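K.L.:
A single structure is presented below for examination.
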Amino acid sequence: MISRIDYKGLSWVDIQNPTAEEIARVSGEFGLNHVVAEDLSKPTFRPRAENYGTHLFFILHLPLFDSKNSRHRSRELDIVAGRKFLITLHYDPVEPLTQFFKALEQNLALREKSFEDSTARLLYLLWRQLYEHLFTELDHIQRKVERIEERIFAGREKELIEDISLLRRDILDFLRSIRPHEIILESIHKLGERFFEEDFSNFATELSSRHRRLLLLIENQKDTLETLYATNDSLLTHRSNEIIKTLTMMALLTFPLTLIAAIFSLNTKFLPIVGRPNDFWIILGIMLATVLVMLTFFKYRKWI
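Everything in the sequence shown is counted per this note's numbering, starting at 509 for the first residue and increasing by one.
Structure follows, in structure tokens:
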């Protein structure tokens, strides 16, 4: 599906889930290099930033939230930037792009500010909008981390194992998508000023700054979650050790009692104490004394 905005001699063409015919039509209209046209026709897993003379070509991967699977999933966004045109192509919905596109359609003042002599400012504003959306995504991740921290110290360690593992995977997917942007931003810093024949360095520097902030925030969340994972694991281990310790003490206390009972139940002709007055209470007293001695010894050794 093709959506389009034409204003002040500039064009922004957004294509979602394109057909071969749509790619061929747009490539012919804007004179795209055949390599670019070929790359647009299929998903690409490797990020790219290249100059083809009349246009720049970028392949970005954005970690956007997938509500169906309740996790962040990398979505590809292809950008072709000419001096008078901007083409964006994606096979999955890219919500921040769609929101920005609709805002430009409906808001004349925003369109007036975004469409200037070349597409340089439009490209910058689109890229900035993408990063602003990712900051919002990080806020959601931060809230999940904080909820996990609260639940850990509320004695709910066992049920958190899966939640922490899923969130760790989510953060790793986010990092895997966003880290390669550094290479692309370095390239656009070099290519942009030469291509647009104007001061593009301020735009590139500002985008790089936003990218660094994104990385710092997600790295901080990753470190926090790793610490919480270790804390949760320590609490689980401590609780398991306490249970094992209690069971071991019970076994140690039960063993001598069982031994004493077995001795006095032997089928022999002469047994000490057995048959005397109050023999039951004497044997019970021996058992209790044995338990008290063992408990005193355990306490002395600080085992309990």
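We put the beta carbon where it would ideally sit given N, CA and C, even for glycine.
For clarity, every value in this text was computed on a predicted model and none was experimentally measured.
CB-CB under 8 angstroms to R554, same chain, minus the five flanking residues each way: which ones, in chain order?
P.N.:
Here the set comprises I567.
K.L.:
Beta-carbon separation of D678 and H580 under 9 angstroms?
P.N.:
Yes, these two residues count as a Cβ contact at 9 angstroms.
K.L.:
Would you call F703 buried or exposed, if buried means 16 or more other Cβ atoms sit within 10 Å of its Cβ?
P.N.:
Classification of F703: buried, given that the 10 Å Cβ count is 16 or more.
K.L.:
Quick one: what's got a C-beta closer than 6 angstroms to I791's C-beta in the same chain, skipping five residues either side?
P.N.:
F772, listed in sequence order.
K.L.:
Which same chain residues end up closer than 6 angstroms to I752 when comparing Cβ atoms and leaving out the 5 residues on each side of it in sequence?
P.N.:
Within the same chain, I752 has no close Cβ partners at all.
K.L.:
Do R718 and Y639 have their C-beta atoms closer together than 9 angstroms?
P.N.:
Yes, they are a contact pair.
K.L.:
Going along the chain, which residues of its own chain have a beta-carbon closer than 7 angstroms to the beta-carbon of W635, five neighbours each way excluded?
P.N.:
These residues qualify, in order along the chain: L715.
K.L.:
Considering only the alpha carbon of each residue, which of V801, A628, L548, D522 lies closest to A532?
P.N.:
Residue L548 is the option with its Cα nearest to A532.
K.L.:
Drop a sphere of 10 angstroms on the beta-carbon of V801, count the other beta-carbons inside from all chains shown, and report buried for 16 or more, exposed for fewer.
P.N.:
With fewer than 16 Cβ atoms within 10 Å of its Cβ, V801 is classed as exposed.
K.L.:
Give the C-beta separation of E645 and F573 to the nearest angstrom, bearing in mind that I take them to be a contact with Cβ-Cβ under 8 angstroms.
P.N.:
Contact flag correct, Cβ pair sits at about 6 angstroms.
K.L.:
Could you tell me the alpha carbon to alpha carbon distance between T606 and A589, rounded to whole angstroms?
P.N.:
Going from the Cα of T606 to the Cα of A589 covers about 18 angstroms.
K.L.:
Distance check for P785 and V468, CA to CA, integer angstroms please.
P.N.:
This structure leaves residue 468 out entirely; the chain is present only between 509 and 812.
K.L.:
Suppose the cutoff is 6 angstroms on Cβ atoms and the five residues either side in sequence are ignored; what does the same chain contact list for N559 look like?
P.N.:
Closer than 6 angstroms at Cβ, skipping near neighbours: L699.
K.L.:
With a threshold of 16 other CB atoms inside 10 Å of the CB of N740, please say whether the residue is buried or exposed.
P.N.:
So N740 counts as buried.
K.L.:
Mind listing, in chain order, the continuous alpha helix (DSSP H) runs of no fewer than 4 residues lying wholly within the segment 688-736?
P.N.:
Listed in chain order, the complete alpha helix (DSSP H) runs (minimum 4 residues) inside the segment 688-736 are 689-704.
K.L.:
For R651, which three-state DSSP category applies?
P.N.:
Correct three-state label for R651: helix.
K.L.:
Three Cβ pairs or more, each shorter than 8 angstroms: is that satisfied between the segment 591-607 and the segment 677-694?
P.N.:
Taking 8 angstroms as the limit for Cβ pairs, the verdict is that the segment 677-694 does not touch the segment 591-607.
K.L.:
Just grab the DSSP bridge partners of E558 for me.
P.N.:
Paired residue(s): F565.
K.L.:
Confirm, please, whether the CB-CB distance from L540 to I587 is below 9 angstroms.
P.N.:
No, the Cβ-Cβ distance between I587 and L540 is not below 9 angstroms.
K.L.:
Could you spell out the range, first to last residue, of the beta strand (DSSP E) harbouring S519?
P.N.:
Segment 518-524, the beta strand (DSSP E) holding S519.
K.L.:
Tell me the residue span of the alpha helix (DSSP H) that contains T527.
P.N.:
Run containing T527: none; DSSP gives neither H nor E here.
K.L.:
Who does E584 pair with in a DSSP beta bridge?
P.N.:
According to DSSP, E584 bridges with H569.
K.L.:
Please list, in chain order, all residues of the same chain as S535 whose beta carbon is under 6 angstroms from its beta carbon, the five residues on each side excluded.
P.N.:
Closer than 6 angstroms at Cβ, skipping near neighbours: A545.
K.L.:
Check whether the Cβ atoms of F711 and R629 sit closer than 9 angstroms, and answer yes or no.
P.N.:
The answer is yes: Cβ separation under 9 angstroms.
K.L.:
Kindly indicate which three-state DSSP category R591 falls into: helix, strand or coil?
P.N.:
Note: R591 maps to coil in three-state DSSP.
K.L.:
By a C-beta neighbour count over all protein chains shown, 10 Å radius and 16 as the cutoff for buried, is R583 buried or exposed?
P.N.:
Its Cβ being crowded by 16 or more others within 10 Å, R583 is buried.
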